[in-house]
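Residue numbers (this note's numbering), protein chains in the order written: chain A, 1281 to 1617; chain B, 1281 to 1617; chain C, 1281 to 1617; chain D, 1281 to 1617.
Backbone N, C-alpha and C define an ideal beta-carbon position, used for all residues, glycine too.
Computed from a predicted model, the values in this text were never measured in an experiment.
Here the structure is laid out as structure tokens; the discussion comes afterwards.
There are 4 protein chains.
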Amino acid sequence: MLRAGICGANGYTGIELLRILDLHPGITVSRLFSNSTAGKNIKEIYPYLSDKYDLKLELFDSSQLSDLDVIFLALPHGQTHSMMSALLAYPNLKIIDLSADFRIKNNQKYEQYYNVSHQSVHLLPEIPLGFPEINRQQIKNAQAVANPGCYATSVILGLYPLAKEGLVSHRVIIDSKSGVTGAGRSLKESSLYCEANESISAYNTNTHRHIPEMEEALGIDVLFSPHLTPMNRGILSSMYLQNEKHFNKEDILAIFRQYYQNEPFIKIMDPLPNPSTKWVRHTNNCCISVVVTEDTIIVFSAIDNLIKGASGQAVQNMNLLCGFDETTALKALPTYI
Amino acid sequence: MLRAGICGANGYTGIELLRILDLHPGITVSRLFSNSTAGKNIKEIYPYLSDKYDLKLELFDSSQLSDLDVIFLALPHGQTHSMMSALLAYPNLKIIDLSADFRIKNNQKYEQYYNVSHQSVHLLPEIPLGFPEINRQQIKNAQAVANPGCYATSVILGLYPLAKEGLVSHRVIIDSKSGVTGAGRSLKESSLYCEANESISAYNTNTHRHIPEMEEALGIDVLFSPHLTPMNRGILSSMYLQNEKHFNKEDILAIFRQYYQNEPFIKIMDPLPNPSTKWVRHTNNCCISVVVTEDTIIVFSAIDNLIKGASGQAVQNMNLLCGFDETTALKALPTYI
Amino acid sequence: MLRAGICGANGYTGIELLRILDLHPGITVSRLFSNSTAGKNIKEIYPYLSDKYDLKLELFDSSQLSDLDVIFLALPHGQTHSMMSALLAYPNLKIIDLSADFRIKNNQKYEQYYNVSHQSVHLLPEIPLGFPEINRQQIKNAQAVANPGCYATSVILGLYPLAKEGLVSHRVIIDSKSGVTGAGRSLKESSLYCEANESISAYNTNTHRHIPEMEEALGIDVLFSPHLTPMNRGILSSMYLQNEKHFNKEDILAIFRQYYQNEPFIKIMDPLPNPSTKWVRHTNNCCISVVVTEDTIIVFSAIDNLIKGASGQAVQNMNLLCGFDETTALKALPTYI
Amino acid sequence: MLRAGICGANGYTGIELLRILDLHPGITVSRLFSNSTAGKNIKEIYPYLSDKYDLKLELFDSSQLSDLDVIFLALPHGQTHSMMSALLAYPNLKIIDLSADFRIKNNQKYEQYYNVSHQSVHLLPEIPLGFPEINRQQIKNAQAVANPGCYATSVILGLYPLAKEGLVSHRVIIDSKSGVTGAGRSLKESSLYCEANESISAYNTNTHRHIPEMEEALGIDVLFSPHLTPMNRGILSSMYLQNEKHFNKEDILAIFRQYYQNEPFIKIMDPLPNPSTKWVRHTNNCCISVVVTEDTIIVFSAIDNLIKGASGQAVQNMNLLCGFDETTALKALPTYI
């Protein structure tokens, strides 16, 4: 039984990690860390955990982790880049970083979007992006992975096969809709119930921080337009590409099937309808559908932002890092309702 | 005091008409019609109306309307085209048709999208589209108007100045998000609370019936992609155009201001942020903002689908038809919460 | 045209006052005050107000109000008791205090529940509770009123006739359900969208601060059990009384009709069904229904917590204080959807 | 591996059974039945099941079940009472009836509340109510169980220890709040998104069909007042009892602990706060808390109406009937968000 720690355990990504790992037969969560709520017991914050997790939240100290086999870092951006060397020094510690710090390999782009000077540029090449559908083998051989962003995951999964096949030479228009958990559990007015409820709005149009991650992974330019949607969970990315080669729907589906036929978490909706985000709720799945006109290819990609877009993909990556079956703890059907 | 009748009074459009007209100093709603619930009293269906409207729903009979000055037709599509001649025969009756039957002037397009053979093609030219921001004078001179569709209103208002100025030569990509009232009050599984709640999905991609209305009013081609959003009301249309002339934001805003400077219901969000649909909730307003990059113009247009997208615009049109001030009964601030 | 100021204008009660007063033909809102956001323009916080209200939020200074005819005090509890003398010194200023400071006439109860030592006990008798259905005449003769609490309003309206008729000698069990606006717009975790959404919970059982207000106004004992409900607005109070005299439903309804027959905002649901909070949404109405068994009388009372429970009742009180028709600006039908 | 069939598979109870059983290592769902949608494939109705369940819905024929080891009957009330004999004739078939037909042992009460003449009164004694916390041993020895109703489960679990200890001699006031899935997936106006959203209402006050079930299981009288709450899932029952013996909180908690100390699914919230329904979402748990005053005992009981209130308890019962560990497939933590 491997012992795991969760850093940032009091946030939504943290408690989703706890919920998923609770289903994992090879993992025990033995330590929880939180800088903002250190000293409290996790059950004071989340009383429903009371009879299963009686753990005190600790201040994170990277020099005191020798009793852990796995560490999940669900921290704000700009914190892990300076502590990664210390973590890698534990020879048997596997590290899953859920922040953006090691996702973008071009550190100027990182600094431009995150306004942070990266302290471990030399480590960027050895910490792969944790995208099993793209670089499974690299992850298996790594000690640490950079878990992708939620929007980036929905977009990259929906465009990767087309980009790889050279179908994307123009800027792709991406209109994404995310539930409110995407903003985390921090206190801000736009996250209040009465502010977010019963309304939809666009924000950070063409300036969102997930843009460099998408562009680097896909090798293309994107125009990214996210929207805050009145629901807890889910991302639906609607992506509009020029159909330069006048492919038909069957051509496009054939490409998706070729790339994803053995992928356990990718569901090509064919002949079924365009996905609703509830079809992936509480799962690590990504549902993809396409609509094709003579001049436009439209790809819809739906994920649960907290699972495939964060904690589920983190466990998928951990499974690869630690030699578990990749789908362990990630097999449940969607909750739908 | 003019006497108005509402046909289709038991649906959401019908009760919104009733709510708005209740604020109108020059109108009394004296008759309600409904084919599905004729014989019932409106207060049996909507008990909150009990002390204000004690009216029995009647079967609609176009030969018995001589006591009315105004008739609102909130009927399913395909019903008014065959009764319009009879209605126009009342010399003093003003008619606001909220169905699609007279919106599309190209009757082949109408038949293609609605699968109905139009029985009154000869009347199409004399019943203007009820779009005051575009053809106010025509409406003032008409006896009947065709009230535009909800999605079409949000899209046309957001693109009209740019289309008129010749900035739209390519197909515009329109990603719209609508609340569930857009589907009306009819019983279907996708409108159930537990089905629509907590999820977003795309539907009718590139096949939606509002497409010919948009294309005809704007003289452009559109790729229209609507989404069902978990909220009662509101449409946000996010529209992506090629910026062929490399205009900057100020250039684009200047065009919008030129066209809409005297429009009482159009709000240009400058320098304010992109609109949230709650900024127009329960109002006849349309909030518009733009984001401009070197190669793309993005227009966001937000309306309340039941007000500016249906019953409010119908009252605005009635005000013009009947000689009231155009904003009568339509001046309240948004409810926001 | 009277000039009104709103103190605490940036909160939900404040913007509801602004929205309602915007419909009032005899009032102009000329000044807005907010201690937390002073210096900002109201349209920066609520962009939808941009073309109607271009007002800077001021720090409140009770010595600089001579240009106002009316002041609404939508402040946190514990602030107005020390400034009331200064306000009353303006001979022509009418004052509507929406805080709890002058609601409870027993100042020990006030201090027990609010943990504040009241600085103006001598003023308590001359500032009536602003409950027009109970003490309309007193309000008309006053310079200032204490606007009741939201839960208290729903409960008092539902029990007042029965208490007055001596039907309530036992402790009444009151199970109330409130929307999330009841918690205001302040930043706390329980008000976050993802915390409040899709869940209901009880809180402050038998300790809520509205208890002394109910007990004092009704002269009875209550067991009050409030619940946080996943919706923006609305309070439904379900009240369970012993039916000591074995009255039947018609007996009880007759009492309600006797007390409320001329009340413009009270709607007795008879023979119609129990109210849903949406039947009063965005109105100053209170819908009441009763279910009677041999040993129990059940009263359901529904209000909009921000209107009849706060800003609407404040305007109703202002209408009385200033000599306007009591229903001015408060006549719109419910929004329902 | 036992083979299970689900009758009524297209409803919410049906798909929840499918979701839970998918996690069960000893069960394969091999047949699905639905009278209303027979002939369709389950994946046409629920596309998210497409890659896991490729099963055609069959018309139910009680004479063709010899290939099944377990049958779940998620049918409308009034259907299973006439087919039970045929089902019991399969010697190795275990039967879980989720309808009301065998819950109420007093068949006059059943006929009074359900307006159905029971065809199998002789079988009522041998089909125990499936309430493991009350009659686990009986269930283990049975071939068939009557799975309790959702409201009844929340109420019985919250009152059983107190009723058994003789603390309940008066009528208990029960104010319950349920999510909209409680109404199932059938098409009715009150279940439409725009009708149920953003509003709470009382219904079936003191006439709801779960009353005889509660009264029979507890041996007490109840006044039951259910409310429709704008959320998908969850029941919170707030129960108000006279505190005749003037017990304090610790006395009451001691009784609950005594009865439930070994119960895997009952969570006594002590010293933690009153439960929110999200603390049990997607789990088979019941969270209970108490508030005690000198004259009143208040018990809050929260369940997921589709899990402990239906499909989860059905699987718990099946585990007992079939000799599996009682918690199999029911161990996941709540989803919370």
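- Pro1553, Asn1554, Pro1555, Ser1556, Thr1557, Lys1558, Trp1559 and Arg1561: these are the residues of the stretch 1541–1568 of chain D whose beta carbon lies less than 9 angstroms from some beta carbon of chain C, given in chain order.
- With a threshold of 8 angstroms between beta carbons, C/Ser1591 makes no contact with chain B.
- At a cut-off of 8 angstroms between beta-carbon atoms, B/Asn1315 makes no contact with chain A.
- C/Gln1522 is bridged by DSSP to C/Thr1576.
- For C/Gly1464, no pairing in a beta bridge is given by DSSP.
- The closest CA to that of D/Phe1527, considering only D/Gly1306, D/Leu1442 and D/Arg1513, is found on D/Leu1442.
- Residue pairing by DSSP puts C/Lys1374 in a beta bridge opposite C/Val1350.
- Look at the stretch 1357–1389 of chain C: it has no residue with a C-beta under 8 angstroms from a C-beta of chain D.
- For B/Gly1514, the chain A residues whose Cβ falls inside 7 angstroms of its Cβ are Ser1479 and Ile1480, in order along the chain.
- Put simply, the CB of B/Ile1307 is far from chain C, with every gap to its CB atoms at 8 angstroms or more.
- The three-state secondary structure of D/Glu1406, taken from DSSP, is helix.
- Rounded to whole angstroms, the Cβ separation of C/Val1595 and C/Leu1521 is 31 angstroms, and the two are not in contact under 8 angstroms.
- The C-beta of A/Leu1329 comes no closer than 8 angstroms to any C-beta of chain C.
- Our two residues, A/Phe1504 and A/Ile1491, have alpha carbons roughly 7 angstroms apart in a direct line.
- Interface annotation for the stretch 1282–1305 of chain A against chain D: Tyr1292, Ile1295, Arg1299, Asp1302 and Leu1303, criterion Cβ-Cβ distance under 7 angstroms.
- Here A/Ser1518 is buried: its Cβ has 16 or more other Cβ atoms, across all protein chains shown, within 10 Å.
- With its beta carbon less than 8 angstroms from one in chain C, D/Ser1518 belongs to the interface.
- The DSSP-derived three-state label of A/Glu1391 is helix.
- In the assembly as shown, A/Arg1537 is an exposed residue. Its beta-carbon has fewer than 16 other beta-carbons within 10 Å.
- For C/Tyr1440, the closest Cβ of chain B is not nearer than 8 angstroms.
- Per DSSP, the beta-bridge partners of D/Leu1503 are D/Ile1453.
- DSSP places D/Phe1313 in the uninterrupted beta strand (DSSP E) bounded by Ile1307 to Phe1313.
- At least 8 angstroms separates the beta-carbon of B/Leu1516 from that of B/Thr1485.
- Neighbours of B/Thr1461 in chain D, taken as residues whose beta carbon is under 9 angstroms from its own, are Tyr1473 and Cys1474 in chain order.
- In this structure, the beta-carbon distance from B/Ile1375 to B/Leu1353 falls below 8 angstroms.
- Between the stretch 1555–1572 of chain D and the stretch 1421–1432 of chain D there are fewer than three inter-stretch CB-CB distances shorter than 8 angstroms, so the stretches are not counted as touching.
- Excluding the 5 residues flanking it on each side, A/Gly1459 has same chain C-beta neighbours closer than 7 angstroms at Thr1509, Met1511, Asn1512, Arg1513, Gly1514 and Asn1585, in chain order.
- Against chain D, the beta carbon of C/Val1571 has neighbours under 7 angstroms at Thr1485 and Asn1486, listed in chain order.
- DSSP, reduced to helix, strand and coil, places A/Arg1416 within a helical segment of the structure shown.
- By the Cβ rule, the stretch 1452–1472 of chain C does not count as touching the stretch 1533–1553 of chain C, because fewer than three pairs are nearer than 8 angstroms.
- A Cβ-Cβ separation of about 6 angstroms places C/Gly1306 in contact with C/Phe1604 under the 8 angstroms criterion.
- When the beta-carbon positions are compared, C/Leu1337 and C/Leu1312 come within less than 8 angstroms of each other.
- Contacts with chain B at 8 angstroms (Cβ-Cβ) include C/Thr1615.
- Listed along chain D are Arg1299, Asp1302, Leu1303 and Ala1612, each with a C-beta nearer than 8 angstroms to that of A/Ala1612.
- In the DSSP annotation of this structure, D/Lys1323 is not part of any beta strand (DSSP E); the continuous alpha helix (DSSP H) holding it starts and ends at Ile1322 to Ile1325.
- Collapsing the DSSP output to three states places A/Lys1588 in a helix.
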